[in-house]
């Protein structure tokens, strides 16, 4: 399916790019751009956007590698790519253009959502990025200027507001592999994502003309939001070509990837059975015949130790691999970019901060319950993991129960810890960004090595858009493209 879609519209897309020089140099006839039904582009963009990202599992102290030094695990990463401009944004813009030709406002609205989604994640990754002039190669802009992070965030909030106003129940949404054409669910996702952006900017008071707390309250009180896991912004996988689970048949998952003790111990300390869906028993526990639900049968490696030290745990048969379903099962649970559970954690945080009225505890409890409902609904044979488990009892245990009378820092730690525990192979880099802005949960780090705030810009930008890049580096970081330079959203 993916290859068919590519062949249908690749010629038309080549003329749109503005950020990747290899495409800029291709000579295309601007009067010979193929028209493509936006439903094909929507399928392609959605499939691309919702894939599982495994790299953040190392940075977020959930997994470790044992076959060499993983740069994400040891917080030593460097540059990242701008390929989202061509793989995601280019196709999104084309979809919007084709939707305008047929006067379909829903594809335009969903296009605005995907623009916001891609630009949001790009800016969190780097800082300032091409935004207002991005993806405009068709208009002759092949070296786009960089916009400040504040400009980007204000801009995508406006685009999402416009998307909310555009989405409607009249225009068809064919090719929709996320919500099967249900515009009301897209509207909920659009507004819920607006709240995600605002809470991510929690260290700021304003973004452009937006007051963060005021805008958050206005959306939360007046716009439709997710109300159950059936509203999740998620991609369901199928056992068919180009539709299988992202990590299916990934050789590393079957050989050298193991669980981090920091992550595993959170579940063991709370007697939380979600652990059994993420991790495999240690070899020693299997050989001893321990039941699958015996928490003593699970152990992780230290993400700050050398990979050779963690490899020794393999020899000792005392380390858990990632549950083999992640690479043996072609479908697994859906991949969320924003779930109802995450939204309820966002609302809990907003209530704790005083941005909205209502009970932070109620939202927190709803979030935890929704996570268990998700795994009980989608993980195959859930009774082997959850038989006899009572989530209401779980919520009363000391390490889990929420007390709104405690100091904000204590409340935030409780919220962020449980939110973190829901995000194994979910929501991409959200857990790491939550850690950067709140300090919770408190990741273990190697002595003398700080958690990076950002990625370095790609070498291609130095080669082909150097003047604009240098201006952006000077205005943000004093000219230094360093992973430890703090971007605007964290200042």
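Numbering (our numbering), first residue to last: 127 to 617.
C-beta: ideal position from N, C-alpha, C; glycine also.
Values in this document were obtained by computation on a predicted structure and should not be read as measured data.
Paired residues, beta bridge with residue i - DSSP
i	result
residue 603	In the DSSP output, where bridge partners are listed per residue, residue 603 has none listed.
residue 332	337
residue 384	190 and 447
residue 361	461
residue 205	582
Contact check, residue i vs residue j, beta carbons under 8 Å
i	j	result
residue 408	residue 424	yes
residue 221	residue 167	yes
residue 256	residue 243	no
residue 210	residue 249	no
residue 267	residue 259	yes
residue 578	residue 187	no
residue 324	residue 359	no
residue 293	residue 206	no
residue 445	residue 528	no
residue 161	residue 264	no
residue 182	residue 557	yes
residue 427	residue 476	no
residue 230	residue 291	no
residue 378	residue 450	no
residue 560	residue 582	no
residue 523	residue 303	no
residue 613	residue 253	yes
residue 165	residue 301	yes
residue 453	residue 507	no
residue 496	residue 208	no
residue 299	residue 232	yes
residue 286	residue 245	no
residue 91	residue 342	There is no way to answer for residue 91, as the model of the chain reaches only from 127 to 617.
Inter-residue CB distance, residue i and residue j (contact presumed, cutoff 8 Å)
i	j	result
residue 580	residue 611	7 Å
residue 400	residue 525	The pair is not a contact, with the Cβ atoms about 14 Å apart (cut-off 8 Å).
residue 553	residue 482	That pair is no contact at about 22 Å.
residue 363	residue 509	Incorrect: roughly 22 Å between the Cβ atoms, too far for contact.
residue 368	residue 456	Contact doesn't hold; Cβ gap of about 12 Å is too wide.
residue 530	residue 486	5 Å
residue 239	residue 309	About 12 Å; that fails the 8 Å criterion.
residue 566	residue 543	6 Å
residue 572	residue 198	Contact flag wrong, Cβ pair sits at about 13 Å.
residue 317	residue 351	6 Å
residue 609	residue 312	The Cβ separation is near 35 Å, so there is no contact.
residue 355	residue 461	Not a contact, Cβ separation roughly 14 Å.
Check: residue i C-beta below 7 Å from any heavy atom of the ligand NAD
i	result
residue 252	You won't find the ligand NAD in this model; it holds no ligand whatsoever.
Below-8 Å beta-carbon distance, residue i vs any chain D residue
i	result
residue 404	In the displayed structure, chain D is absent; only one protein chain is listed.
Report the start-end ranges of each alpha helix (DSSP H) in the stretch 232 to 316 that is 4 residues or longer and not cut off at the edges.
With a minimum length of 4 residues, the continuous alpha helix (DSSP H) runs that stay inside the stretch 232 to 316 are 275 to 292.
Touch check for the stretch 468 to 479 and the stretch 396 to 407: three-plus C-beta pairs under 8 Å?
Result no; under three Cβ-Cβ pairs closer than 8 Å.
Decide yes or no for the touch test of the stretch 384 to 391 against the stretch 524 to 543: beta carbon pairs closer than 8 Å, at least 3 of them.
With a cut-off of 8 Å, the stretch 524 to 543 and the stretch 384 to 391 do not count as touching, because too few Cβ pairs lie within range.
Below 8 Å, how does it come out for the stretch 587 to 601 and the stretch 494 to 513: are there three or more Cβ pairs, yes or no?
Result no; under three Cβ-Cβ pairs closer than 8 Å.
Is there contact here, the stretch 327 to 335 with the stretch 186 to 201, by at least three beta-carbon pairs under 8 Å?
The answer is no - the stretch 186 to 201 does not touch the stretch 327 to 335, with fewer than three Cβ pairs under 8 Å.
Should the stretch 371 to 387 be called in touch with the stretch 171 to 185, which here means at least 3 C-beta pairs below 8 Å?
They touch, by the three-pair rule.
For the stretch 397 to 478, list the alpha helix (DSSP H) runs that are entirely contained and at least 4 residues long, ordered along the chain.
Segments of the alpha helix (DSSP H) lying fully in the stretch 397 to 478: 400 to 404, 409 to 413, 433 to 441 and 451 to 454.
So, does the stretch 334 to 346 touch the stretch 425 to 445, judging by three or more C-beta pairs under 8 Å?
The stretch 334 to 346 vs the stretch 425 to 445: no contact.
Minimum length 3: unbroken beta strand (DSSP E) runs contained in the stretch 547 to 572:
Complete beta strand (DSSP E) runs here, min 3: none at all.
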